[in-house]
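Below is one structure, written out as structure tokens, with a few remarks after it.
Numbering (my numbering), first residue to last: 1 to 715.
Shown next, in the form of structure tokens:
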């Protein structure tokens, strides 16, 4: 969209002031919004006497920058109306969207038209900031027009390019995975840098040293087998209580860190630094043929598939002819662009004789960059299967990382402070459930595809394989959890119990299991560095997700596998619906009904009703062993306690007051108990209203020659 492009133009202009200011005064964090919101910020630069005036000037520039950004939509519409009016367009003629230089925008128009609408527009590559030089470039001294003194500051900016790939009807553009592959090819033609940083559009760099920290894992000793470095995700704008476990510290600080001790953490879709050649299908330079499963095979077979080229392949003559090393796959697998194919060996084996100035963006280079982003470029190629991000699943991130691991590549986990990258998380219950639904469905799709980790190569570490199996099967826990959260409560209503009379060994076994889980939880909390509150909040949302999104994911994938029907998804909205000025967490209390909420609501009602019926049976004298009943009721309330955040979410604004949730639960409990006691035909002949108790005894029914005996169980 033109709005995005012009916003990037304004950002590039502001960067000419902001970036030198940050370098001069050692500003952290580098995000201007985050920096100016800080109440205190210790000075880290070398020109403290200029800091106050410089900061005041830059803050003014930033406020003006935001004002221009907020007015862009109106400016574009006003400009386009003026140009269209000047052309004297008749009714029914397409009304173009115009750029500031007086040319028509090649992408989507404000008023969609043929070749200029969503899903049907040309590819666009526009360079906003060209490739910087390799030598320092000092800024101008202070003047009347610019009071900021940058005479001793390097003012170079990294290359900034607007890329919009071509989209045409009839082509499957493969969503995010297709966009990442197009960007990979485009960046190879423009810069061909050896490393690629993948960030979602709602993330920003919070620590200027993040890239250096990640590259250290790529360039250190014995690091040429590292395919990517994964940073933990951090979020801002999450409510203080983290009601829906958006921070997910157990996974990012526990699971990913633990995987770092094996073959490495999985790729989670953002905050990841890649070695470019790993996306081109290259094997690691050193690998054991048998892998960690069968190391003895390493001496029986030689892995000669990957060989570094000799010095004769990196001479000036070879560089001039474009002969650098070799390609791991046939040339046609990479597409028809010779410029892109020639960039692959240079990325895999950088030559000291290569001319750095060759990456400067001229018209021919930009035309080639547009060509590699066309809709038909990937036809009959290996993109999406053997090369780049993998297609065919909504969790392309996990599959892409898995493909690298089964080749023998490793990954590394990097956690630094201040946090490397910060993003935005959906704090609304409905959007959070849709997000989890998409993730869990994608995981199951992997399990029922050719990427099933059960059948991965022997290069995959045995424990890494177990981790991938867990990642692709965890939604199945919903089937067991539904049984776990409903059957005990229903037993109070029906009087039929799974465990008839628990023995001492049953209690011993239960105590051992619970004790083991508790010890593991304590070790997990202590080792991962998360708080007990974060650990328990994670458990609460796990139950909510299992009863809703996980169950829906299982059903959707079963339908897809059996009936061969594609699954459509709702993208996660992270735009607040409430009034952020009055309450930054207003979206937390906005109720958006979805069918995913049905199952948790049923579970809440079942447990409240089951506990109420048990309480009523004890009061009515139908059950006399109230101590045994207390254990089951405690379990029901334990389930309700885990679903407490969900209950707050569906109450909307009323959920701001925690007491309201408890009042509704208590009201439902009391009403159910009173109805059970006062309606005789509900509780049958037992209790004070009946003709004798039946619990703990045998009821005999005779039907013809059939004799049926029912044991109602305990209590």
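Backbone N, C-alpha and C define an ideal beta-carbon position, used for all residues, glycine too.
* To do: In the DSSP assignment, find the beta strand (DSSP E) that holds residue 373 and state where it starts and stops.
  => Taking the chain shown and counting its residues from 1, one reaches residue 373 at position 373. Note, residue 373: premise wrong, no beta strand (DSSP E); not H, not E.
* To do: Would you decide whether residue 429 is buried or exposed? Buried here means 16 or more other CB atoms lie within 10 Å of its CB.
  => Reading the chain shown from its first residue, position 429 is the one you call residue 429. By the 16-neighbour rule on beta-carbons within 10 angstroms, residue 429 is buried.
* Determine the contact status of residue 629 and residue 614, defining contact as a CB-CB distance below 7 Å. => Position 629 of the chain shown holds residue 629. Position 614 of the chain shown holds residue 614. Yes, the pair counts as a contact, with Cβ atoms nearer than the cut-off.
* To do: Please list, in chain order, all residues of the same chain as residue 356 whose beta carbon is under 7 Å from its beta carbon, the five residues on each side excluded.
  => Taking the first residue of the chain shown as position 1, residue 356 is located at position 356. At residue 356, the pLDDT of 48 sits below 50, so the modelled position is not reliable; the number obtained from the coordinates is stated separately. Here the set comprises 134.
* **Neighbourhood of residue 377 by C-beta, 6 Å cutoff - its chain only, sequence neighbours within 5 removed** => Against the chain shown, residue 377 aligns to sequence position 377. Hits under 6 Å: 335.
* Asked: For residue 180, does the count of other Cβ atoms within 10 angstroms reach 16, so buried, or fall short, so exposed?
  -> For the purposes of this step, residue 180 is taken as residue 180 along the chain shown, with counting starting at 1. Residue 180 comes out buried.
* Is the distance from the Cβ of residue 228 to the Cβ of residue 272 below 7 Å? -> Here residue 228 is taken as the residue at index 228 of the chain shown, counted from 1. Here residue 272 is taken as the residue at index 272 of the chain shown, counted from 1. Yes, the pair counts as a contact, with Cβ atoms nearer than the cut-off.
* To do: Could you give the DSSP three-state label for residue 246: helix, strand or coil?
  => Position 246 of the chain shown, counted from the start, is the residue given in the question as residue 246. Reduced to three states, the DSSP call for residue 246 is coil.
* If you follow the alpha helix (DSSP H) that residue 555 is part of, which residue opens it and which one closes it? -> Locating residue 555 in the chain shown gives position 555, counting from the first residue. Going by DSSP, residue 555 is part of the alpha helix (DSSP H) stretching over 551-563.
* Inter-residue Cα distance where the pair is residue 275 and residue 373 -> Locating residue 275 in the chain shown gives position 275, where the first residue counts as 1. Locating residue 373 in the chain shown gives position 373, where the first residue counts as 1. Taking C-alpha positions only, residue 275 is separated from residue 373 by approximately 21 Å.
* **Simplified DSSP assignment, three categories, for residue 201** => Here residue 201 refers to the residue found at position 201 when the chain shown is read from its first residue. DSSP places residue 201 in coil when its eight states are reduced to three.
* Asked: For the region 153-194, which segments carrying the alpha helix (DSSP H) assignment without a break, of at least 4 residues, lie completely within its bounds, in sequence order?
  -> 175-190
* To do: Check the C-beta distance from residue 643 over to residue 505 and give it rounded, since I have them as a contact under 8 Å.
  => Residue numbering aside, residue 643 sits at position 643 when the chain shown is read from its first letter. Residue numbering aside, residue 505 sits at position 505 when the chain shown is read from its first letter. Actually they do not touch by this definition, with Cβ atoms about 31 Å apart.
* Between the CA atoms of residue 54 and residue 437 - distance to the nearest angstrom -> To locate residue 437, count along the chain shown from 1; it is residue 437. To locate residue 54, count along the chain shown from 1; it is residue 54. Cα to Cα, residue 437 sits roughly 48 Å from residue 54.
* Asked: What number of angstroms, rounded off, separates the C-alpha of residue 445 from the C-alpha of residue 465?
  -> Your numbering for residue 445 matches position 445 in the chain shown. Your numbering for residue 465 matches position 465 in the chain shown. If you take the alpha carbons of residue 445 and residue 465, they lie about 17 Å apart.
* To do: Quick one: measure Cβ to Cβ for residue 123 and residue 341, integer angstroms, because I've assumed they're closer than 8 Å.
  => Looking up residue 123 in the chain shown gives position 123. Looking up residue 341 in the chain shown gives position 341. About 19 Å separates the two Cβ atoms, so there is no contact after all.
* Asked: Would you call residue 166 buried or exposed, if buried means 16 or more other Cβ atoms sit within 10 Å of its Cβ?
  -> Locating residue 166 in the chain shown gives position 166, counting from the first residue. Buried is the call here.
* From this set, 277, 212, 666, 496, which residue's C-alpha is nearest residue 225's C-alpha? -> Position 225 of the chain shown, counting from 1, holds the residue named residue 225. When only C-alpha atoms are compared, the closest one is 277.
* Excluding sequence positions up to five away, which residues of its chain have a Cβ less than 7 Å from the Cβ of residue 333? -> Start at 1 with the first residue of the chain shown, and residue 333 comes out as number 333. 381, 382, 386, 387.
* To do: Under 8 Å Cβ to Cβ from residue 121, same chain only, skipping five residues before and after it: list those, please.
  => Against the chain shown, residue 121 aligns to sequence position 121. Same-chain partners within the cutoff: 106, 107, 108, 115, 164, 166, 167.
* When DSSP builds the beta bridges, which residues end up paired with residue 423? -> As a working note, residue 423 is residue 423 in the chain shown. For residue 423, which the question treats as bridged, DSSP gives the partners 235.
* Please state whether DSSP places residue 58 in a helix, a strand or coil. => Residue mapping note: residue 58 aligns to position 58 of the chain shown, counting from 1. It is helical.
* To do: Quick one: residues in its chain with C-beta nearer than 8 Å to the C-beta of residue 479, no 5 flanking neighbours on either side, listed in chain order?
  => Within the chain shown, residue 479 is the residue found at index 479, counting from 1. Once the five neighbours on either side are set aside, the close Cβ partners of residue 479 are 551, 554.
* Asked: In chain order, what residues of the same chain have a beta carbon less than 6 Å from the beta carbon of residue 561, not counting five sequence neighbours either side?
  -> Counting from 1 along the chain shown, the entry for residue 561 is found at position 561. Same-chain partners within the cutoff: 448.
* To do: Within the same chain, show all residues whose beta-carbon is closer than 7 Å to that of residue 50, passing over the 5 residues directly before and after it, in chain order.
  => Locating residue 50 in the chain shown gives position 50, where the first residue counts as 1. So the list reads 149, once near-sequence residues are dropped.
* Are the region 216-223 and the region 616-623 touching, with three or more C-beta to C-beta distances below 8 Å? -> Counting Cβ pairs under 8 Å, fewer than three are found: no touch.
* To do: Provide the residue(s) that pair with residue 138 in DSSP beta bridges, ordered along the chain.
  => On the chain shown, position 138 is the one that residue 138 refers to. In DSSP, residue 138 forms a bridge with 154.
* Asked: Shortest alpha-carbon distance to residue 587 belongs to which of 244, 665, 28, 640?
  -> Within the chain shown, the letter at position 587 stands for residue 587. Considering only alpha carbons, the answer is 244.
* Through-space distance from residue 241 to residue 418, alpha-carbon basis -> Within the chain shown, numbered from 1, the residue matching residue 418 stands at position 418. Within the chain shown, numbered from 1, the residue matching residue 241 stands at position 241. Using only the alpha carbons, I get a separation of about 21 Å.
* Asked: In its own chain, which residues sit with a C-beta less than 8 Å from the C-beta of residue 493, not counting the 5 before and 5 after it?
  -> In the chain shown, counting from the first residue as 1, residue 493 sits at position 493. Within the same chain, residue 493 has close Cβ partners 609, 610, 613.
* Would DSSP call residue 540 helix, strand or coil? -> As a first step, residue 540 must be located in the chain shown, where it is residue number 540. If DSSP states are grouped into helix, strand and coil, residue 540 belongs with the helices.
* Does DSSP put residue 361 in a helix, a strand or coil? -> Working through the chain shown from its first residue, we reach residue 361 at position 361. Three-state result, residue 361: coil.
* To do: May I have a chain-ordered list of the alpha helix (DSSP H) segments no shorter than 4 residues that lie completely inside the region 440-494?
  => 462-473, 477-494
* To do: Quick one: give me the first and last residue of the beta strand (DSSP E) that residue 257 is part of.
  => Residue mapping note: residue 257 aligns to position 257 of the chain shown, counting from 1. Counting along the chain, residue 257 falls outside any beta strand (DSSP E), though it belongs to the alpha helix (DSSP H) covering 256-259.
* Span of the beta strand (DSSP E) holding residue 591? -> Position 591 of the chain shown holds residue 591. Run containing residue 591: none; DSSP gives neither H nor E here.
* Can you tell me whether residue 248 is buried or exposed, with buried defined as 16 or more other CB within 10 angstroms of its CB? -> Position 248 of the chain shown, counting from 1, holds the residue named residue 248. So residue 248 ends up on the buried side.
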